[in-house]
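Colleague: Chains as they are written, first to last, in the numbering used here: chain S, 1 to 248; chain R, 249 to 474.
From the three backbone atoms N, C-alpha and C, an ideal C-beta is built for every residue, glycine too.
Model, not experiment: these values are computed from the prediction.
The structure follows.
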């Protein structure tokens, strides 16, 4: 199949970027989107041009490294997929495809489709962990957790931190990402001890990074490759109000 | 206290609390206004008595201050939130994100602005007139707000303006009610589902209820049915 690409090219953080046109004449419909990008980059390198830079790692849809706006939607037109799991058969022969980086003030574009998502790391570092003593692991049955609780916590923990929620949010809110981590830990007995402190520090960090407010449009849940529920956000709100009111 | 005032979540809590109070007020307002659907001879006495009762009651007066506060706080907070959101976003060259959310959930600011303009007109034509203007007295000696209301809906374009504003209100509520409860932290899937259904019924009831009144008044007093 033939495709026309309009890809965002930007030299560095400070440079003004722009959409640049590329044509690919021999694209296999069974290629993944990133393999198609590899094909383009091979051609660019052979021509002596700079390849299009983009983040990727596992290419199995589980690492969260890849992420780009494809035809104006985070990770492309199919719900529940990362960009690496999107295949060219989803597009018509001769289609024009727009490719842009995920955008938010808190996610500066480093080059082409590559963005700086370290704001997420700083949110996690501010409280997305449990303080545990090192040493011998405790006997497993001292902490009883029901299967339902474990599964529910795991549903929240499934977030891969790709940033599609922020990219697709009209307010660039990081509520889904932050709340998934807060809920994951708040649902487990090990995480409950520090739940109040955690929600306050993580929300404060999220705000300090310059993300917007959540207005419950629920676009994030639709575009989340892991289908993280927006009810995590409600839980975060509840935990935050409780912690803010009851703190010393 | 600082956390409560400065965080993005707290600002949303203020939106939710004031919004839900306004939702509650709308129910009371609609119930009062439904008296306008009574036969004219009963409606006049009933509506004027009701209006007088509300304006003279100390308890209602206190509630009315909460109402004014809620209106102003809801609008000002919305502005603060919008300004911060504008700072947080970065524009796409090609944007098709509208596919994954409802248009009214993305345009609460525009819907709210329409409502604000409507409220200014609404307050000027009824609230201000009743409180500070000259209103004729009815047989019982009460200010005849009924006549004021009936004549306000004489022109079809004024009726149309009301129906349009109520449509904007309906969409605002359709997202607003559910969103407010979510913001306040109702995370249980079962009850979140119930609230969504309740919000839907509530929004339809308020929109239809408030829209019927001007149309009915116009048709019965000045239109085809007269």
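(1) Which word fits residue 430 (chain R), buried or exposed, when buried means at least 16 other C-beta atoms lie within 10 angstroms of its C-beta?
(2) Who pairs with residue 114 (chain S) in a beta bridge, going by DSSP?
(3) Could you check whether the Cβ of residue 222 (chain S) sits closer than 8 Å to any Cβ belonging to chain R?
(4) List, in chain order, every chain R residue whose beta-carbon is nearer than 7 Å to that of residue 213 (chain S).
(5) Taking the C-alpha atoms as reference points, what is the distance between residue 202 (chain S) and residue 178 (chain S)?
(6) When the Cβ atoms of the stretch 46-57 of chain S are set against those of the stretch 66-79 of chain S, are three or more pairs found closer than 8 Å?
(7) Note down, in chain order, all residues in the stretch 11-37 of chain S with a beta-carbon under 7 Å from any beta-carbon belonging to chain R.
(8) Would you tell me roughly how many angstroms separate the C-alpha atoms of residue 288 (chain R) and residue 316 (chain R), rounded to the nearest one?
(9) If the cut-off is 8 Å on Cβ atoms, which residues from the stretch 337-356 of chain R count as contacting chain S, listed in chain order?
(10) If you measure beta-carbon to beta-carbon, which residues of the stretch 61-94 of chain S are closer than 7 Å to chain R?
(11) Do the stretch 268-286 of chain R and the stretch 458-465 of chain R meet, that is, are 3 or more Cβ pairs less than 8 Å apart?
(12) Is the separation between the beta-carbon of residue 99 (chain S) and that of residue 70 (chain S) shorter than 8 Å?
(13) Suppose you measure from the CA of residue 113 (chain S) to the CA of residue 102 (chain S); what does that come to, to the nearest Å?
(14) Give, in chain order, every unbroken run of the alpha helix (DSSP H) that is at least 4 residues long and sits entirely within the stretch 54-142 of chain S.
(15) Using a Cβ-Cβ cut-off of less than 8 Å, give me the residues of the stretch 110-129 of chain S that come near chain R, in sequence order.
(16) Could you confirm whether any beta carbon from chain S is found closer than 8 Å to the beta carbon of residue 450 (chain R)?
(17) Taking residue 183 (chain S) as the reference, give the member of S:104, S:152 and S:209 with the closest Cα.
(18) Using only CA atoms, which one of R:376, R:264, R:420 and R:381 lies nearest to residue 355 (chain R)?
(19) Below 8 Å between beta carbons: does that hold for residue 211 (chain S) and residue 106 (chain S)?
(20) To which residues of the same chain is residue 61 (chain S) closer than 8 Å at the C-beta, ignoring the five residues directly before and after it?
(21) Chain R partners of residue 172 (chain S), CB-CB under 8 Å?
(22) By a C-beta neighbour count over all protein chains shown, 10 Å radius and 16 as the cutoff for buried, is residue 32 (chain S) buried or exposed?
(23) Note down the Cα distance separating residue 400 (chain R) from residue 304 (chain R), rounded to an integer number of angstroms.
(24) Taking residue 38 (chain S) as part of the alpha helix (DSSP H), name the residues at either end of that continuous run.
(25) Going residue by residue through the stretch 176-247 of chain S, where are the continuous alpha helix (DSSP H) segments of at least 4 residues, counting only ones entirely within it?
(26) Roughly how many angstroms lie between the CA atoms of residue 215 (chain S) and residue 49 (chain S), to the nearest whole one?
(27) Any heavy atom of the ligand FAD within a distance shorter than 7 Å of the CB on residue 68 (chain S)?
(28) Mind checking which residues open and close the alpha helix (DSSP H) that includes residue 306 (chain R)?
Modeller: Reading it off the structure:
(1) With 16 or more other Cβ atoms from the protein chains shown falling within 10 Å of its own Cβ, residue 430 (chain R) counts as buried.
(2) In the DSSP assignment, residue 114 (chain S) forms a beta bridge with S:111.
(3) For residue 222 (chain S), the nearest CB of chain R lies under 8 Å from its own CB, placing it at the interface with that chain.
(4) Going along chain R in sequence order, the residues near residue 213 (chain S) (Cβ under 7 Å) are 256, 259, 260, 329, 332 and 333.
(5) For residue 202 (chain S) and residue 178 (chain S), the distance between alpha carbons rounds to 7 Å.
(6) Contact between the stretch 46-57 of chain S and the stretch 66-79 of chain S is present, because at least three Cβ pairs lie under 8 Å.
(7) Closer than 7 Å at the C-beta level to chain R, one finds these residues of the stretch 11-37 of chain S: 19.
(8) About 31 Å.
(9) Taking 8 Å as the Cβ-Cβ cut-off against chain S, the residues of the stretch 337-356 of chain R that qualify are 337, 338, 339, 340, 341, 342, 343, 344, 345, 347, 348, 349, 350, 353, 354 and 356.
(10) Result list: 69, 71, 72 and 73.
(11) With a cut-off of 8 Å, the stretch 458-465 of chain R and the stretch 268-286 of chain R count as touching, because enough Cβ pairs lie within range.
(12) Yes, Cβ-Cβ distance for residue 99 (chain S) and residue 70 (chain S) is below 8 Å.
(13) The alpha-carbon atoms of residue 113 (chain S) and residue 102 (chain S) are separated by roughly 8 Å.
(14) List check, alpha helix (DSSP H) in window: 118-125.
(15) From the stretch 110-129 of chain S, no residue has a Cβ closer than 8 Å to chain R.
(16) The beta carbon of residue 450 (chain R) sits no closer than 8 Å to any beta carbon of chain S.
(17) Residue S:152 holds the alpha-carbon nearest to the alpha-carbon of residue 183 (chain S) among S:104, S:152 and S:209.
(18) Per the Cα distances, R:420.
(19) Yes, Cβ-Cβ distance for residue 211 (chain S) and residue 106 (chain S) is below 8 Å.
(20) For residue 61 (chain S), where only same-chain residues beyond five positions count, the Cβ hits under 8 Å are 81, 82, 84, 85 and 225.
(21) In chain order: 333, 336, 337 and 338.
(22) For residue 32 (chain S), the number of other beta carbons within 10 angstroms of its own is at least 16, and it is reported as buried.
(23) Taking the straight line from one Cα to the other gives about 24 Å.
(24) Per DSSP, residue 38 (chain S) belongs to the alpha helix (DSSP H) from 33-46.
(25) For the stretch 176-247 of chain S, whole alpha helix (DSSP H) runs of length 4 or above, ordered along the chain, are 189-192, 195-208, 219-223 and 231-246.
(26) Taking the straight line joining both Cα atoms gives about 43 Å.
(27) Judged by which ligands are present, the structure shown has none, so any question about the ligand FAD falls away.
(28) From DSSP, the alpha helix (DSSP H) with residue 306 (chain R) extends over 306-336.
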